[in-house]
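Sequences listed follow chains A and B, in order. Residue numbering for the first sequence follows the numbering used here, starting at 92 and increasing by one per position. Residue numbering for the second sequence follows the numbering used here, starting at -4 and increasing by one per position.
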Amino acid sequence: MSAAAVVLLAAVVLIVLALVYFLVSVIFALTKIAKGLDETIAAVGEIVEKSAPVAPVVDDINANLDAAVSALEGLLVKKAGMEDAVGLVEGLYPGAAAQGFRDFPDSKTTKAPRIGEVYTRGTLTLARLGREAPIAAASPIGGPVLRNVLGGSLAARALYPADRPGRSPVIGTNAPVQYEAPDADPSTV
Amino acid sequence: MWVLALIVLLVVFPVVVILLKGVLDEANAIVPSIAKIRDAARAGSKDLDAVPLLLTTQRQVKETVENVAAYGGSLDVILDDAR
């Protein structure tokens, strides 16, 4: 065998050894990949299985909430009128008037009175529940009384037609009657 | 004969090694990515363990809406209409 043949044979052997080494390494790497993909597929299958009932449940929740929103909006518009309803919503949630009510397309074009700039949220709530309710002294006649100062004052005064009660109880540290519990922490007052 | 031996030794063998090493490097580079995807999928699956609580939320929303409807009906009776 000539020297050239020996060199050629050695080169071929080196090539075969390189093929074996790298291909076996690739096989091991592909085995890891396949194992990782199997675990990933199992986890994804769990995700699919667990998330399957989410859509109908969320749809049902949204349907209930939509019905509640529609009912409350309808009640608010019915009781307060469109303008005051939009003003109340705008007062509680600034910017909400631009979106309007779902079931009242004309609410988007209704100009919201600036109720929120005059009354606090608590006052707004009491105004709606008290002044315009039959349970109060007298329901105002002649339209909404919410921004009618005179009407509101008369309605409040009508609560005590005979005589006003005494002054409001004195409160504070010098009050004759202390309402705090005896064991109350004074540092929290 | 010498020319063929030298070509195989100095050209074919390096090219084969370079190509195989490239394949091996790319295969090894996929392994950590697969591990990350697997961990993310497991974490996502674990996060969804709370999905059954949606049934509780669904029931409570339904009860709340029923209560709101009852209050609304009462308010409709108590309060005068605007116009």
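Here a beta-carbon is modelled for each residue, glycine too, at the ideal position from N, C-alpha and C.
Where the alpha helix (DSSP H) containing residue i begins and where it ends
| i | result |
| --- | --- |
| Q55 (chain B) | L48 to I73 |
| T122 (chain A) | A94 to S142 |
| D20 (chain B) | F8 to D42 |
| L166 (chain A) | V145 to L183 |
| V(-2) (chain B) | W(-3) to I2 |
Three-way DSSP call (helix, strand, coil) for residue i in this model
| i | result |
| --- | --- |
| P235 (chain A) | Unreliable positioning characterises P235 (chain A) in this predicted model, as indicated by a pLDDT of 49, which lies under 50. A coordinate reading is not provided. |
| A224 (chain A) | With a pLDDT of 46 at A224 (chain A), under the threshold of 50, the predicted position of this residue should be treated as unreliable, though the coordinate-derived value follows. Here A224 (chain A) sits in coil by DSSP. |
Close-in-space but distant-in-sequence residues of the same chain around residue i (CB under 7 Å, 5 per side omitted)
| i | result |
| --- | --- |
| R193 (chain A) | V160, S161 and E164 |
C-alpha distance - residue i paired with residue j, whole-angstrom precision
| i | j | result |
| --- | --- | --- |
| A125 (chain A) | K16 (chain B) | 20 Å |
| A45 (chain B) | P27 (chain B) | 29 Å |
| V60 (chain B) | G68 (chain B) | 12 Å |
| K199 (chain A) | D151 (chain A) | 28 Å |
| L48 (chain B) | V148 (chain A) | 11 Å |
| I232 (chain A) | A158 (chain A) | Only weak support exists for where I232 (chain A) lies, its pLDDT of 48 falling under 50; the value from the coordinates is given anyway. Rounded to whole angstroms, I232 (chain A) to A158 (chain A) spans 32 Å at the Cα level. |
| W(-3) (chain B) | A102 (chain A) | 12 Å |
| T131 (chain A) | K41 (chain B) | 13 Å |
| L156 (chain A) | Q55 (chain B) | 11 Å |
| A227 (chain A) | V168 (chain A) | Legend: pLDDT at A227 (chain A) = 42, less than 50; position of this residue unreliable, no value from coordinates given. |
| Q190 (chain A) | A143 (chain A) | 33 Å |
| V98 (chain A) | V6 (chain B) | 13 Å |
| V11 (chain B) | L19 (chain B) | 12 Å |
| A36 (chain B) | D129 (chain A) | 12 Å |
| G39 (chain B) | T52 (chain B) | 21 Å |
| L43 (chain B) | G127 (chain A) | 21 Å |
| Y66 (chain B) | E140 (chain A) | 39 Å |
| A24 (chain B) | A120 (chain A) | 9 Å |
| A77 (chain B) | G182 (chain A) | 18 Å |
| P185 (chain A) | D75 (chain B) | 26 Å |
| R33 (chain B) | I118 (chain A) | 20 Å |
| A134 (chain A) | K123 (chain A) | 17 Å |
Own chain residues within Cβ distance below 6 Å of residue i, not counting five before or after
| i | result |
| --- | --- |
| V145 (chain A) | none |
| G178 (chain A) | A203, P204 and I206 |
8 Å CB neighbourhood of residue i in its chain, flanking five on each side removed
| i | result |
| --- | --- |
| N62 (chain B) | none |
Nearest to residue i (by Cα), restricted to the options the options
| i | options | result |
| --- | --- | --- |
| D197 (chain A) | A:G172, A:L183, A:G182 and A:P185 | A:G172 |
| T201 (chain A) | A:A176, A:S116 and A:L105 | A:A176 |
Any non-hydrogen atom of the ligand MN within 7 Å of residue i CB
| i | result |
| --- | --- |
| Q55 (chain B) | Looking at this structure, you won't find the ligand MN or any other ligand, since it has none at all. |
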